[in-house]
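Novice:
Protein chains: 2
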Amino acid sequence: MTATCRIDIPLLRGPVPLSHLALRTFIQSGDRAVDATCGNGGDTLLLAELVGPRGKVWAFDIQQQAVSRTLARLEEAGLAERVELHAAGHERMPEHIIDGVAAVVFNLGYLPGGERTIITRPETTLAALEHSLGLLLPGGIVAVTVYPGHAGGSQERELIETWAAGLAPRCFYCWRMAQMNSSSAAPYFILIQKAA
Amino acid sequence: MTATCRIDIPLLRGPVPLSHLALRTFIQSGDRAVDATCGNGGDTLLLAELVGPRGKVWAFDIQQQAVSRTLARLEEAGLAERVELHAAGHERMPEHIIDGVAAVVFNLGYLPGGERTIITRPETTLAALEHSLGLLLPGGIVAVTVYPGHAGGSQERELIETWAAGLAPRCFYCWRMAQMNSSSAAPYFILIQKAA
Numbered sequence: 007m008t009a010t011c012r013i014d015i016p017l018l019r020g021p022v023p024l025s026h027l028a029l030r031t032f033i034q035s036g037d038r039a040v041d042a043t044c045g046n047g048g049d050t051l052l053l054a055e056l057v058g059p060r061g062k063v064w065a066f067d068i069q070q071q072a073v074s075r076t077l078a079r080l081e082e083a084g085l086a087e088r089v090e091l092h093a094a095g096h097e098r099m100p101e102h103i104i105d106g107v108a109a110v111v112f113n114l115g116y117l118p119g120g121e122r123t124i125i126t127r128p129e130t131t132l133a134a135l136e137h138s139l140g141l142l143l144p145g146g147i148v149a150v151t152v153y154p155g156h157a158g159g160s161q162e163r164e165l166i167e168t169w170a171a172g173l174a175p176r177c178f179y180c181w182r183m184a185q186m187n188s189s190s191a192a193p194y195f196i197l198i199q200k201a202a
Numbered sequence: 007m008t009a010t011c012r013i014d015i016p017l018l019r020g021p022v023p024l025s026h027l028a029l030r031t032f033i034q035s036g037d038r039a040v041d042a043t044c045g046n047g048g049d050t051l052l053l054a055e056l057v058g059p060r061g062k063v064w065a066f067d068i069q070q071q072a073v074s075r076t077l078a079r080l081e082e083a084g085l086a087e088r089v090e091l092h093a094a095g096h097e098r099m100p101e102h103i104i105d106g107v108a109a110v111v112f113n114l115g116y117l118p119g120g121e122r123t124i125i126t127r128p129e130t131t132l133a134a135l136e137h138s139l140g141l142l143l144p145g146g147i148v149a150v151t152v153y154p155g156h157a158g159g160s161q162e163r164e165l166i167e168t169w170a171a172g173l174a175p176r177c178f179y180c181w182r183m184a185q186m187n188s189s190s191a192a193p194y195f196i197l198i199q200k201a202a
């Protein structure tokens, strides 16, 4: 074995580490970014760190419980002032954001630890994805973690896959990243980049 | 639009930029790495840069023409002394490498600008992939660009996909990354990471 000490190697155990790796790669200090589904605030916190003191994050969630949890985490980390939180569905993104953004993150399905019948809905998810593409800077990304396993998940997956397959290949580089040694119901990751 | 100047954003136009992004993420200065198919030397050159002056690269190609081109590029960049080149099939990797490596790169198919009937063969590719897994450090990766479009390519794809699907999920995180808005014959990327 080599004597080299290898530090902070990310481990790609599932789609969320992959999504975080993409965010770290494509977001720079001073950028603007959107968390379309803030949930327990994990992605929002990472975005707030990555955009730095001159950047800005918008975060949305239809559940007040999620927004409150996210706010608490941001305050604990001293990063709340970088983030504009909205207790609203992500399809309402265009009412709040007019500027070009470097990244929009989606983590679909239900709120972990919350009410499992409250899930992202295919129609509003698709509307929010469409809005997101329109907000991107050249080279900017939409990062989507898809959970086909829960009730309604496979319908949402089909709609997103059909939508993504129809994007113009010269305008958007659109990647599906799924584990090969896992069940087809396992969560996976979609990465869409706007061409420069 | 934001006034921020965003620099060096990688563009994910195809599987090769994605492979290079993975190499930049998982290889650190001082590491050891392998180019299993050095071809025109593009990947070898990147590996030689990434491993730095204390690192080492092994590069293989069954065609002398490929090895000569790669050597010329390395010499031009002043990086030849970091690389041990072998005009040999990648299935012979274990004869030359005994230490743990951070990354093994494969770029399958034929040599660009070379004889198109000389292609990577499913049996030797599979043997080399198996060897590669055994050489990896914890957290290390095998990065494979697959070209199903040429004659023999779809057979190679099937064999690799079946092999990858059988890897133990606790030992290897195994991702298939393909463009969603592209033909099924388009080249794609496989990223396998050894668990830590």
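Note that the protein sequences, when read in sequence, are chains A and B. By the count of our numbering, the first sequence reaches residue 202 at its end, each step adding exactly one. By the count of our numbering, the second sequence reaches residue 202 at its end, each step adding exactly one. For glycine and all other residues, C-beta sits at the position ideal for the given N, C-alpha and C.
Are three or more beta carbon pairs between the stretch 39–51 of chain B and the stretch 104–121 of chain B nearer than 8 Å?
Specialist: yes
Novice: Does arginine 12(B) come within less than 7 Å of chain A when only Cβ atoms are used?
Specialist: Yes, arginine 12(B) lies at the interface with chain A (some Cβ there is under 7 Å from its Cβ).
Novice: Please compile the residues from chain B whose C-beta is within a distance smaller than 7 Å of the C-beta of alanine 109(A).
Specialist: Chain B residues near alanine 109(A): none, gap ~11 Å exceeds 7 Å.
Novice: Between the stretch 50–66 of chain A and the stretch 19–37 of chain A, are three or more C-beta pairs nearer than 8 Å?
Specialist: yes
Novice: Evaluate serine 138(B) with the Cβ neighbour count: other Cβ atoms within 10 Å of its Cβ, from every protein chain shown; 16 or more gives buried, anything less gives exposed.
Specialist: buried
Novice: Can you list, in chain order, the residues of its chain with a C-beta nearer than 7 Å to that of leucine 52(B)? Leave out the 5 residues immediately preceding and following it.
Specialist: His26, Leu29
Novice: Please list, in chain order, all residues of the same chain as alanine 134(A) whose beta carbon is under 7 Å from its beta carbon, the five residues on each side excluded.
Specialist: Ala42, His96, Glu97, Met99
Novice: Determine, using beta carbons only, whether arginine 182(A) and methionine 186(B) come nearer to each other than 7 Å.
Specialist: yes
Novice: Excluding the five sequence neighbours on either side, which residues of its own chain have a C-beta within less than 7 Å of the C-beta of isoleucine 125(A), listed in chain order?
Specialist: Gly115, Tyr116, His156, Gly158
Novice: With a threshold of 16 other CB atoms inside 10 Å of the CB of cysteine 177(B), please say whether the residue is buried or exposed.
Specialist: It counts as exposed.
Novice: Who does histidine 92(B) pair with in a DSSP beta bridge?
Specialist: Listed as beta-bridge partners of histidine 92(B) by DSSP are Phe66(B).
Novice: Does aspartate 67(B) pass the burial test, meaning 16 or more other C-beta atoms within 10 Å, or should it be called exposed?
Specialist: buried
Novice: Quick check on DSSP: helix, strand or coil for arginine 122(A)?
Specialist: coil
Novice: Of all the CB atoms in chain B, is at least one closer than 7 Å to the CB of glycine 104(A)?
Specialist: Note on residue identity: the sequence assigns isoleucine, not glycine, to residue 104(A). Isoleucine 104(A) does not count as touching chain B.
Novice: Extract the residue ranges of the beta strand (DSSP E) inside the stretch 115–162 of chain B, only unbroken runs of 3 or more that lie entirely within it.
Specialist: 142–152
Novice: What residues of chain A sit near phenylalanine 178(B), judged by a beta carbon separation below 8 Å?
Specialist: Asn187
Novice: Tell me, please, whether the stretch 15–22 of chain B touches the stretch 85–95 of chain B by the rule of three or more beta-carbon pairs shorter than 8 Å.
Specialist: no
Novice: What number of angstroms, rounded off, separates the C-alpha of tryptophan 64(A) from the C-alpha of asparagine 46(B)?
Specialist: Cα to Cα, tryptophan 64(A) sits roughly 45 Å from asparagine 46(B).
Novice: What is the DSSP secondary structure of leucine 197(B), counted as helix, strand or coil?
Specialist: If DSSP states are grouped into helix, strand and coil, leucine 197(B) belongs with the strands.
Novice: Strictly under 7 Å for the Cβ-Cβ distance: is leucine 17(B) near chain A by that measure?
Specialist: yes
Novice: Could you give the DSSP three-state label for aspartate 41(A): helix, strand or coil?
Specialist: strand
Novice: Just the C-alpha distance for glutamate 73(B) and cysteine 44(B), rounded to the nearest angstrom, thanks.
Specialist: According to the sequence shown, residue 73(B) is valine rather than glutamate. Their backbone Cα atoms lie some 7 Å apart in a straight line.
Novice: Leucine 27(A) versus chain B: which residues are under 8 Å apart at the beta carbon?
Specialist: Thr31
Novice: Compute the distance between the beta-carbons of alanine 192(A) and cysteine 180(A), then report whether it is under 7 Å.
Specialist: Cβ atoms of alanine 192(A) and cysteine 180(A): not closer than 7 Å.
Novice: Could you compute how far the alpha carbon of alanine 9(A) sits from the alpha carbon of glutamate 55(B)?
Specialist: Caution is warranted here: a pLDDT of 41 is assigned to alanine 9(A), below 50, making its placement in the model unreliable, and the coordinate value is therefore given only provisionally. Pairing alanine 9(A) with glutamate 55(B), the inter-Cα distance amounts to about 19 Å.
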